[in-house]
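Residue numbers (the numbering used here), protein chains in the order written: chain G, 12 to 255; chain C, 12 to 255.
Step one of this worksheet: look at the structure below.
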DNA sequence: CGGCGCCTTGAGAGTAATCAACGATAGTGG
DNA sequence: CCACTATCGTTGATTACTCTCAAGGCGCCG
């Protein structure tokens with residue numbers, strides 16, 4: 012039962028499992044008191060022990076790990092509709108930190124309340140499990156990116172992936188979406204230096220593949236980008252095939 | 012209740028949650044009819060739809076993704092005691108393939124039977140969930156490896172990780188364990204060419220860090236290796252902190 | 001206006017890839 | 001028992017992708 016909504020959490024989960032009006036209402040209620048978080052703020056620090064679930068309603072954040080050398084590796088992005096650490100098993104301390112990239116609107120929910128919601132709303136639980144599986148598959152895809160794609164291919168792949176995810180929550184249209192990442196973020200995601208990120212982006216613009224104005228990304232030639240990156244959205248659009 | 016056993020599955024899960032004698036018996040029973048699989052055989056192919064859970068009792072295998080160019084990226088290793096796709100949500104088709112590296116002894120169990128076991132043995136389920144979380148954390152650690160470590164550091168980190176995992180199932184002693192990987196496998200894991208893997212290994216031997224004879228890896232100076240790799244075993248040795 | 005954050009550019013260095021042989025080892029069949 | 005073959009490891013030479021260092025530009029905000 013699709014219900015029109017501008018709540019990205021509901022929008023995302025509806026894409027993963029059928030939600031009843033009651034499911035939707037519960038999700039609306041639990042996200043009704045989000046709070047604004049500034050850009051570049053750590054929501055969860057490594058070894059943090061507070062025990063909340065964060066639901067992103069607006070904005071942009073990332074999970075990252077930091078080396079003693081200071082080098083930082085971003086290991087995933089959190090977009091509107093994403094739930095940070097859905098699983099009962101995802102207890103702190105985490106092995107990584109979570110940090111906003113843009114000003115974000117985030118609902119912070121005691122884990123217990125979230126788990127209760129999952130117990131009372133099995134379809135939400137099912138969608139959450141699927142979301143978690145997609146996250147794992149995405150991480151593996153990033154491994155392929157880092158392990159065996161050139162800088163250009165990696166960048167193309169990342170942009171295709173982000174655009175697809177943004178579309179799924181209604182934030183992208185016509186290959187265009189807001190993207191608050193700075194070049195250093197891209198470098199920390201793809202294992203490239205800032206300088207090289209800059210040059211690769213220039214190359215992509217020169218090739219007529221993308222356009223970045225302000226904090227907006229536009230994919231000018233998605234077929235060519237997808238081919239270049241060997242991108243297929245399959246891993247992001249899993250559907251429940253049956254219930255176990 | 013620790014029970015002496017040479018079943019690596021039991022050994023591993025006992026390290027993650029307390030198992031009763033009944034739990035152990037059930038695990039013994041379900042792994043009582045393993046079959047031998049040759050080295051370099053695909054157990055699960057990408058887009059495979061058969062629905063089994065594989066439990067590795069002996070041997071060595073990997074999950075990998077293959078690019079159209081033929082390039083292959085190994086995304087994780089499966090060691091004795093590992094259960095392939097423990098979760099009810101891990102339904103096929105997978106986004107990757109699973110392939111043995113050495114001749115392996117593998118129990119193939121219909122998913123339904125495995126899920127029933129989990130339902131009847133909550134401690135086993137708890138341990139499995141923890142195992143899955145560890146797998147996810149390991150994948151993120153690999154991302155850090157590929158994204159921001161040099162070839163030498165990566166190799167050191169991988170060796171520390173494998174040694175720790177082998178120890179956990181009683182297959183390593185005194186920094187020595189069997190390692191059936193060939194140099195090409197290491198390359199496909201770390202995103203390096205065969206030639207470079209070879210040179211890095213030589214460098215590590217020259218530095219007195221490791222010794223590889225036959226299919227055996229020996230870490231000669233673990234403190235230095237761990238320091239070089241910034242390795243901490245924390246992410247591999249999670250303990251249940253409480254039950255949710 | 002000054003400072004700061006971010007982007008851009010240039011030059012030089014270095015790590016790792018590629019190409020091409022060659023060597024070692026083990027299993028196979030005559 | 002010994003060629004024979006295949007797989008894996010090793011080496012050298014060359015190329016190229018990416019990094020580092022350094023400096024300058026541009027726009028925004030106090």
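For every residue, glycine included, the Cβ atom is placed at its ideal position computed from N, Cα and C.
Please read these numbers as outputs of a predicted model, since none were measured by experiment.
So, using beta-carbon positions, are residue i and residue j closer together than 8 Å?
i, j, result
"residue 76 of chain G", "residue 151 of chain C", "yes"
"residue 236 of chain G", "residue 167 of chain G", "yes"
"residue 19 of chain G", "residue 186 of chain G", "no"
"residue 139 of chain C", "residue 72 of chain C", "no"
"residue 164 of chain C", "residue 240 of chain C", "yes"
"residue 137 of chain C", "residue 28 of chain C", "yes"
"residue 201 of chain C", "residue 135 of chain C", "no"
"residue 21 of chain C", "residue 63 of chain C", "no"
"residue 59 of chain C", "residue 105 of chain C", "yes"
"residue 173 of chain G", "residue 190 of chain G", "yes"
"residue 74 of chain G", "residue 61 of chain G", "no"
"residue 228 of chain C", "residue 171 of chain C", "no"
"residue 128 of chain G", "residue 41 of chain G", "yes"
What is the C-beta distance between residue i and residue j, in whole angstroms, given that I count them as a contact (C-beta under 8 Å)?
i, j, result
"residue 111 of chain G", "residue 49 of chain G", "7 Å"
"residue 94 of chain G", "residue 147 of chain G", "Contact doesn't hold; Cβ gap of about 14 Å is too wide."
"residue 231 of chain G", "residue 84 of chain C", "Rounded, the Cβ-Cβ distance is 29 Å, inconsistent with contact."
"residue 162 of chain C", "residue 203 of chain C", "6 Å"
Report yes or no: is there a C-beta of chain G within less than 8 Å of the C-beta of residue i?
i, result
"residue 88 of chain C", "no"
"residue 153 of chain C", "yes"
"residue 195 of chain C", "no"
"residue 124 of chain C", "no"
"residue 107 of chain C", "yes"
"residue 79 of chain C", "yes"
"residue 131 of chain C", "no"
"residue 96 of chain C", "no"
"residue 148 of chain C", "yes"
"residue 158 of chain C", "yes"
"residue 82 of chain C", "yes"
"residue 100 of chain C", "yes"
"residue 127 of chain C", "no"
"residue 141 of chain C", "yes"
Hey, how far is the Cα of residue i from the Cα of residue j?
i, j, result
"residue 169 of chain G", "residue 246 of chain G", "13 Å"
"residue 65 of chain G", "residue 234 of chain C", "38 Å"
"residue 55 of chain C", "residue 117 of chain G", "40 Å"
"residue 51 of chain G", "residue 205 of chain C", "40 Å"
"residue 36 of chain G", "residue 209 of chain C", "59 Å"
"residue 14 of chain G", "residue 32 of chain G", "Model confidence at residue 14 of chain G stands at a pLDDT of 49, short of 50, so the residue's coordinates are unreliable; what they give is reported in the following sentence. For residue 14 of chain G and residue 32 of chain G, the distance between alpha carbons rounds to 8 Å."
"residue 46 of chain C", "residue 91 of chain C", "14 Å"
"residue 159 of chain C", "residue 109 of chain G", "18 Å"
"residue 238 of chain G", "residue 157 of chain G", "18 Å"
"residue 254 of chain G", "residue 25 of chain G", "Reliability fails at residue 254 of chain G, whose pLDDT of 41 lies under 50, so the model's placement of it is uncertain and the value that follows must be treated cautiously. Straight-line Cα distance between these residues: approximately 16 Å."
"residue 219 of chain G", "residue 70 of chain C", "49 Å"
"residue 226 of chain C", "residue 176 of chain G", "44 Å"
"residue 256 of chain G", "residue 81 of chain C", "As shown, chain G starts at 12 and ends at 255. That puts residue 256 of chain G outside it, with no answer to give."
"residue 113 of chain G", "residue 53 of chain G", "12 Å"
"residue 23 of chain G", "residue 179 of chain G", "6 Å"
"residue 57 of chain C", "residue 207 of chain C", "29 Å"
"residue 107 of chain C", "residue 122 of chain C", "18 Å"
"residue 221 of chain G", "residue 98 of chain C", "39 Å"
"residue 133 of chain C", "residue 43 of chain G", "34 Å"
"residue 243 of chain C", "residue 196 of chain C", "23 Å"
Could you tell me whether any Cβ in chain C is nearer than 8 Å to the Cβ of residue i?
i, result
"residue 72 of chain G", "no"
"residue 76 of chain G", "yes"
"residue 214 of chain G", "no"
"residue 144 of chain G", "yes"
"residue 51 of chain G", "no"
"residue 176 of chain G", "no"
"residue 93 of chain G", "no"
"residue 56 of chain G", "no"
"residue 202 of chain G", "yes"
"residue 241 of chain G", "yes"
DSSP puts residue i in a beta bridge; with which residues?
i, result
"residue 67 of chain C", "C/117"
"residue 22 of chain C", "Answer is none; residue 22 of chain C lacks a bridge partner."
"residue 224 of chain G", "G/227"
"residue 41 of chain C", "Partner(s): none; residue 41 of chain C has no beta bridge."
"residue 53 of chain C", "C/110"
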